[in-house]
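In the working numbering, the protein residues as written are 6 to 168.
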């Protein structure tokens, strides 16, 4: 029985890993899970947390002023005929397909994205959808979304004395 009991001749105490063999595995799993869940904890102001995910394509930038919201998407190698812009609910949707026109014969490695794509951008602003403009130039799609002038962002509410 004495041979089954671990001995620590060179030191006075056993390390934590030796006392609990699954501790390091549990810590690593916790780190992986935390890293995976961290993507949902990064909101981008009022526009939702959808901009920090690395796998989303195309890459987009969103800016706003008092009069409009401007979305710019990088779409290299595409033309305006390869992309469509849609309004669905409270989201702007970019949809299309990137085709590979080259032969695969000599290609050994590629990080290019090919195939169908769809990118949904939630918008928490009141947009005048009749005035939205989309322009495509040099691989950049720019969608200008004018704010609805009838929408009120806030107002003062008078308080009356109750009797």
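By construction, the Cβ of each residue, glycine as well, lies at the ideal position given by its N, Cα and C atoms. Please read all numbers here as calculations on a predicted model, not as lab measurements.
Which class does residue 77 belong to by DSSP, given the choice of helix, strand or coil? strand
Give every residue of the same chain whose Cβ lies closer than 6 angstroms to the Cβ of residue 134, excluding the five residues on either side of it in the sequence, and list them in chain order. 92
Kindly indicate which three-state DSSP category residue 70 falls into: helix, strand or coil? coil
Can you give me the start and stop residues for the beta strand (DSSP E) that residue 32 sits inside? Unbroken run through residue 32 is the alpha helix (DSSP H), 28-42; no beta strand (DSSP E).
What residues in its chain sit with their C-beta under 7 angstroms from that of residue 101, if we drop five residues either side in the sequence? 83, 87, 88, 89 and 122
For the putative contact between residue 63 and residue 80, defined by C-beta atoms under 8 angstroms, what is the C-beta separation to the nearest angstrom? Indeed, because the Cβ distance is near 5 angstroms, the residues count as touching under 8 angstroms.
C-beta contact flag for residue 105 and residue 114 at 8 angstroms: no
Taking Cβ positions, are residue 132 and residue 153 nearer each other than 8 angstroms? yes
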